[in-house]
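In the numbering used here, the protein residues as written are 3 to 289.
Positions of the beta carbon are idealized from the N, C-alpha and C atoms, including for glycine.
Structure first, commentary second.
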């Protein structure tokens, strides 16, 4: 087995919450965290060294005063470690997330999604993923989205949101800038028998043809990019469509994101909060 890339970050206490938000959108399997002499220490283990170094470079660019160091570590049995603590997750009233070794036959009124825990973000355990899936379930229940419609999942990660939408009867596209994520997303779509309903690809919203419109766009990424590409996102929403945004800290970032979209004529969103995170939702958008 190849060695793991160990990334150690030391950051001031006052920036720790924002740093956690950044890391959680890039690292699927969590990280170790504890006290350091000058703040908080966060330790990440990654299998893919080029991808890991890119994450660390992006982190250093956003938090230039933080200390970021690398080292090599011998791998542990990560599959067994996953099995020790990965438990099923209920997301809203509709979806329940399982790893392959814990999936159960009884549905009990829920839609099951099976996710193979790997390098891509999105196992259902993070509040932003749970919030988005819960929102998708609510939109489907209230008929704001339904079978036959189309979607874009921007920042698809493990493909979990795209899979949920496909199981709700929609067809669409999952995009991610991380080339490691797409094979994971394709595998998960196949495991869930929705591969024919979702096209997964490496890329950003810029890779779409200008005239392509979707009935629903979901984007669980960082607040900064959500603000920067607000016009691009809205340009691809069909009349009467819906928009779901997350990856946003409720207190520090939600107002700025909401206002960026309000300024473009769609009004202020509904807000759904879980812990320190928020999901912003617009329905029946008319522009």
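{"query": "Give the DSSP-derived three-state secondary structure of residue 3 in the structure shown.", "result": "Bear in mind that the predicted position of residue 3 carries a pLDDT of just 48, short of 50, making it unreliable; the figure below should be weighed with that in mind. DSSP places residue 3 in coil when its eight states are reduced to three."}
{"query": "Please report the distance separating the alpha-carbon of residue 289 from that of residue 258.", "result": "21 Å"}
{"query": "Checking the sheet assignment: what are the DSSP bridge partners for residue 125?", "result": "DSSP output for residue 125 lists no bridge partner at all."}
{"query": "Applying the criterion that 16 or more other CB atoms from any shown protein chain within 10 Å of the CB defines a buried residue, is residue 3 buried or exposed?", "result": "Note that residue 3 scores 48 on pLDDT, short of 50, meaning its location in the model is unreliable; the coordinates nonetheless yield the value given after this. Exposed, by the Cβ-count rule."}
{"query": "According to DSSP, is residue 271 part of a helix, a strand, or is it coil?", "result": "coil"}
{"query": "Tell me the rounded alpha-carbon separation between residue 273 and residue 219.", "result": "16 Å"}
{"query": "When you compare the CB positions of residue 198 and residue 147, do they come within less than 8 Å of one another, or not?", "result": "no"}
{"query": "Output the distance between the C-alpha atoms of residue 130 and residue 251, rounded to the nearest integer angstrom.", "result": "9 Å"}
{"query": "Helix or strand or just coil, what does DSSP make of residue 114?", "result": "strand"}
{"query": "Could you check which residue in 7, 9, 23 and 15 has the C-alpha nearest to that of residue 277?", "result": "23"}
{"query": "Going by other Cβ atoms of all chains shown within 10 Å of its Cβ, with 16 needed for buried, is residue 7 buried or exposed?", "result": "buried"}
{"query": "Starting from residue 286, trace the beta strand (DSSP E) in both directions and tell me its first and last residue.", "result": "279-287"}
{"query": "What's the gap between the Cα of residue 53 and the Cα of residue 158?", "result": "16 Å"}
{"query": "Whole alpha helix (DSSP H) runs in the stretch 148-206 with 4 or more residues, listed along the chain?", "result": "162-169 and 183-193"}
{"query": "Using the Cα positions of residue 213 and residue 60, report the straight-line distance between them to the nearest angstrom.", "result": "32 Å"}
{"query": "Tell me whether residue 71 sits in a helix, a strand or coil according to DSSP, three-state version.", "result": "strand"}
{"query": "Three-state secondary structure (DSSP) at residue 45?", "result": "strand"}
{"query": "With DSSP as the reference, label residue 292 as helix, strand or coil.", "result": "No statement about residue 292 is possible, as the shown extent of the chain runs from 3 to 289 and does not include it."}
{"query": "Nearest to residue 286 by alpha carbon, out of 162, 195, 183 and 144?", "result": "144"}
{"query": "For residue 245, name the three-state secondary structure that DSSP assigns.", "result": "strand"}
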